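As structure tokens, the structure follows; a few thoughts come after it.
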Amino acid sequence: MAGLAVLMAGAASNQTGAAIGAHAFDLIGPPGVVAVRQFVAASVLLPAVRPNLRRFTRAQWWPTILLGVVFVSMNLGLYTAIDRIGLGLAVTLEFLGPLAVALAGSRSRLDLVCAAAAGAGVYVLVLPSGSSDWIGIGCGLLAAGCWASYILLNRLLGQRLPGLQATAAATTVAAVLTLPLLIVLVAQGRMTPLALLYGVAAGVLASVIPYASDLIALRRVPAHFFGVLMSVHPVFAALAGLVLLGQVLDVHEWIGIAVVVGANILAVRHNAGRG
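In mature numbering (1 follows the signal peptide of the UniProt record, and there is no 0), the protein residues as written are -18 to -1, 1 to 257.
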């Protein structure tokens, strides 16, 4: 029960942070929020974890650098999608990343059904038409691909670096990559105290707390149970968008979210049973 509570709190914090960060879009744009978020994560994780960067080998550095690039790309894709199509839709599209990882390489009929159901859920969610925001949808799918890469890189780095060393180092790489953008925003006078406050809140709520809560939860709950509980993210995103951003979803959008979430739960439980 303790692990469940921690995981739920982390998911709620993540989506709340994303919604709060969206309030700064008019001030510094999605890239500016992403840049502040990366610096907040690095400033907390680097001194807390203290990875010995000088002792990293080439085999440890290259996936760490790739993970840093993935952090920036994933958050840029997600925050741009949030700005264009709303939080609930953006996070649901992003959620296709871990679902794809769960289904990758499977040939079972049930997994094929799950994949087809997820595709149908996305269609119902988006209802593609000439007026659809394809840039926003594309950014959400970019975030999904990056989330899948994040999972695979973390699996690899988990075998090469202990604890959160890889995450701390990768967030530092991401902070360095976004430093030029912060310099430009400061030079333009756009990094106001309010924009900084929103960005810092997003960094703490959407990066630092979820990283810590996921680490704690994984020590208390089985991996397959963790995968099932990850399904709450699109639901929490829709609720955070409604409460904090006033983004009211249509009935078809709620149905699409429910179908994608259901497909993930079924896929995770099935693959856990085969393991």
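We put the CB at the ideal spot given by N, CA and C, even for glycine. No experiment lies behind these values; they were computed from the predicted model shown.
Buried or exposed (CB count within 10 angstroms, at least 16 for buried), residue i
| i | result |
| --- | --- |
| Ser(-6) | buried |
| Trp129 | buried |
| Asp232 | exposed |
| Gln141 | exposed |
| Thr174 | exposed |
| Leu71 | buried |
| Leu161 | exposed |
| Gly185 | buried |
| Ile64 | buried |
| Ala17 | buried |
| Gly50 | buried |
| Val168 | exposed |
Reference residue i; option with closest CA among the options
| i | options | result |
| --- | --- | --- |
| Gly(-9) | Ser189, Leu159 and Val230 | Ser189 |
| His234 | Gly59, Thr62 and Pro110 | Pro110 |
| Phe53 | Val230, Ala84 and Thr149 | Thr149 |
| Ala183 | Ala1, Tyr132, Ala220 and Ile239 | Ala1 |
| Leu78 | Gly14, Ala126, Leu35 and Thr39 | Ala126 |
| Leu224 | Leu69, Phe38, Ala(-14) and Arg40 | Leu69 |
| Leu159 | Arg137, Asp196, Gly14 and Arg37 | Gly14 |
| Asp8 | Arg172, Ala240 and Val51 | Arg172 |
| Arg251 | Val16, Ser213 and Asp196 | Ser213 |
Whether residue i touches residue j by CB criterion (7 angstroms)
| i | j | result |
| --- | --- | --- |
| Gln42 | Ala157 | no |
| Pro33 | Gln170 | no |
| Leu124 | Gly59 | yes |
| Leu163 | Ala4 | no |
| Ala6 | Tyr180 | yes |
| Leu248 | Cys121 | no |
| Gly118 | Arg66 | yes |
| Thr(-3) | Ala222 | yes |
| Gly244 | Leu107 | no |
| residue 323 | Leu85 | The structure shown does not extend to residue 323, since the chain is modelled only from -18 through 257, so no value can be given for it. |
| Val73 | Pro216 | yes |
*Where are the beta strand (DSSP E) runs, 3 residues long or more, that stay fully inside the segment 13 to 87, in chain order?*
none
_Segments of 4+ residues assigned as alpha helix (DSSP H) that fall wholly inside the segment 141 to 224_ = 147 to 169, 175 to 185, 191 to 200 and 205 to 211
*Length-filtered (3 minimum) beta strand (DSSP E) runs lying within the segment 96 to 148*: none
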